[in-house]
Each structure stands twice: as structure tokens, then as C-alpha cells.
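**Student:** Under the working numbering, the first residue of the sequence shown is numbered 593, with each subsequent residue one higher. Just so it is clear, CB atoms sit at the ideal spot from N, CA and C, and this is done for glycine as well. Quick caveat, the model's predicted, so the values are computed rather than measured.
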Amino acid sequence: MSRAVILLSGGLDSTTTLAIAKSQGFECYALSFDYGQKQKSELISATKIAKHFDAVEHRIMQISLADFGGSALTDENIEVPNFKESDEIPITYVPARNTIFLSFAMA
Numbered sequence: 593m594s595r596a597v598i599l600l601s602g603g604l605d606s607t608t609t610l611a612i613a614k615s616q617g618f619e620c621y622a623l624s625f626d627y628g629q630k631q632k633s634e635l636i637s638a639t640k641i642a643k644h645f646d647a648v649e650h651r652i653m654q655i656s657l658a659d660f661g662g663s664a665l666t667d668e669n670i671e672v673p674n675f676k677e678s679d680e681i682p683i684t685y686v687p688a689r690n691t692i693f694l695s696f697a698m699a
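#1: Compute the distance between the beta-carbons of alanine 622 and isoleucine 598, then report whether it is under 8 Å.
#2: What did DSSP end up calling glutamate 677 once you bin it into helix, strand or coil?
#3: Taking leucine 694 as the reference, which of Lys643, Ser624, Ile636 has the closest Cα?
#4: Report the residue from Ser601, Ser594, Gly602 whose alpha carbon sits nearest the alpha carbon of lysine 614.
#5: With 16 other CB atoms within 10 Å as the buried threshold, where does serine 606 fall?
#6: Are the Cβ atoms of alanine 697 and phenylalanine 645 separated by less than 8 Å?
#7: Measuring only the C-alpha atoms, how far is lysine 632 from glutamine 616?
#8: Label glycine 603 either buried or exposed according to how many other C-beta atoms from any shown protein chain fall within 10 Å of its C-beta, with 16 as the threshold for buried.
#9: Would you decide whether alanine 699 is buried or exposed? Buried here means 16 or more other CB atoms lie within 10 Å of its CB.
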């Protein structure tokens with residue numbers, strides 16, 4: 593059986609990815625990150641989703657992205673704003689977050 597590492601945030605996109613991989617017969621390993629984000633509800637959801645889809649393993653890696661700069665998701669001094677449409681980079685952007693996650697998954 594082929595294996596797949598699924599980066600599981602707890603959101604809709606990664607849940608769909610896990611569901612598709614399972615439906616195609618992959619042995620799925622779920623990987624989530626506690627990167628110092630304020631909202632832990634995503635990690636709780638990811639754990640439930642991994643169990644629901646019978647992931648072989650669900651690992652939550654502890655890493656800190658707080659030193660990467662001013663993101664409202666990782667900096668206790670910056671409040672997470674309500675949604676507003678803007679052409680600017682949002683204050684909730686965490687620089688290179690997904691690239692870092694992919695690097696861990698490939699390792």
C-alpha cells in the first residue's frame with residue numbers, strides 16, 4: 593500500500609485532501625503543527641478529523657514561528673482583526689509558514 597503524508601490543519605482543504613487520499617487507498621499519516629498560533633481550535637479539529645479518517649498516525653509538531661515577524665497569529669501584542677477586504681498583506685500572514693511545513697513533511 594502506498595503511503596501519504598497529509599498536512600492537516602483542521603480546515604476544509606486539508607480535510608478534503610485526507611479524504612481523497614483515503615478513498616484512493618493510501619495509508620495516511622497526518623501531520624499538524626503547533627507553531628505558536630493563538631487559535632488552538634484548528635489542532636483540536638485536526639485530531640478529530642485524523643481519527644475520523646483512521647489516519648495511521650497523527651503527529652502534532654511543536655515549532656515556533658513567532659520570531660519570523662509581526663503576525664497577529666503568533667504575536668501576543670497584535671490583535672487578530674475582524675475580516676476586512678484589502679489589497680495589502682494581511683496582519684495574520686505568517687511569513688513562509690507553508691514552506692516551513694512542507695520542509696518538515698518532506699524530512
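**Tutor:** Considering the structure as presented:
#1: yes
#2: coil
#3: Ser624
#4: Ser594
#5: buried
#6: no
#7: 30 Å
#8: exposed
#9: exposed
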